[in-house]
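Heads up, the thing below is written out as structure tokens.
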Amino acid sequence: MAFEPKNQNIRKALGELQEGRSLPKTPIPKRKERALITASYTLEPENKEKLIRLAEAHGYKKSVSAFLNDWIASVEE
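Below is the structure:
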């Protein structure tokens, strides 16, 4: 085959790259994930926008659902 020597060279180069790498020795903390369920609610457009603004104002820039979950959890019954 015409590409056989080239394939061997590529495999050798990849093997050398992998041998030189090592994983960091820093322990990775384990996150405690709570069981979550998917829920769907209908909101008026202005209320959805308001919820997004509230989430961003409280530091939840990427997850409005996390903000809503934490907000509901903080309310005492």
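Mind the numbering: the sequence shown is residues 1098 to 1174 in our numbering, read in order.
Glycine included, C-beta positions come from ideal geometry on N, C-alpha and C.
- Within the same chain, no residue comes within 7 Å of PRO1142 by CB-CB distance, once the 5 residues on both sides are set aside.
- The Cβ-Cβ distance between VAL1161 and ALA1152 falls below 8 Å.
- In terms of CA proximity to LEU1133, ASN1166 leads the group ASN1166, ILE1149, GLU1174 and LEU1148.
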